[in-house]
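First the structure, in the form of structure tokens, and then the observations on it.
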Ligand code: INI
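Numbering (our numbering), first residue to last: 8 to 161.
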């Protein structure tokens, strides 16, 4: 039986981060976490490009364009959607998740879903460097894992 598993030593190449400006205080911390995680794995700072979009709804289009350019090993999407008084939250979450998935499947490039989908500000803060860790760092590691896994697969 052949078994494949990604590792945490990235090959030489570029990574893109797409981040949304909505709830920017939280997303900035996710970006810092993702960047730190890549730097810790010896990705050069000038091999990381960062693009800002207005909100999580806009992440998929930009992620797809960057992935389709074939300039990046992976694209890391970061955002924070926090429930308000209406059902707008549900539409934004679904559009971001579905669009990011579709962009990855269409381009064949790993596109990571680092979008917090939270009921409260507290939940988001906990996951952006608080007591529940940093989702940005987690998805950056997952990006490296996916890149190395895809390179191994026959
Ligand atoms: N975008 C977010 O990234 N997070 C949110 O919490 C949010 N809320 O709550 O509305 C949000 N809305 C904006 C949306 O992503 C689009 O930018 C906007 O609808 C324009 O297309």
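A virtual CB, placed ideally from N, CA and C, is assigned to each residue, including glycine.
query                                                                                                     : result
Check: residue 143 C-beta below 6 Å from any heavy atom of the ligand INI                                 : no
Expected contact under 8 Å - CB spacing of residue 62 and residue 99 to nearest Å                         : 7 Å
Counterpart residues of residue 76 in DSSP-defined beta bridges                                           : Answer is none; residue 76 lacks a bridge partner.
Residue 58 (DSSP reduced to helix, strand or coil)                                                        : strand
Expected contact under 8 Å - CB spacing of residue 116 and residue 60 to nearest Å                        : Between residue 60 and residue 116 the Cβ distance is about 18 Å, and since that is not below 8 Å, they are no contact.
For residue 1, the residue or residues it bridges with in DSSP                                            : Since the first residue of the chain shown is 8 and the last is 161, residue 1 is not available in this structure.
Counted within 10 angstroms of its Cβ, other Cβ atoms place residue 158 as buried (16 or more) or exposed : exposed
Residue list, Cβ distance to the ligand INI heavy atoms smaller than 7 Å                                  : 27, 29, 30, 61, 62, 63, 64, 65, 86, 87, 88, 89, 91, 95, 96 and 99
Assigned secondary structure, residue 119 (DSSP; H/G/I helix, E/B strand, else coil)                      : strand
In DSSP terms, what residue 140 is bridged to                                                             : 137
Residues near residue 171 by beta carbon distance below 7 Å, same chain, minus five either side           : The shown model of the chain, from 8 to 161, leaves out residue 171, and the question about it has no answer.
Residue span of the beta strand (DSSP E) that contains residue 23, given as start and end                 : 22-27
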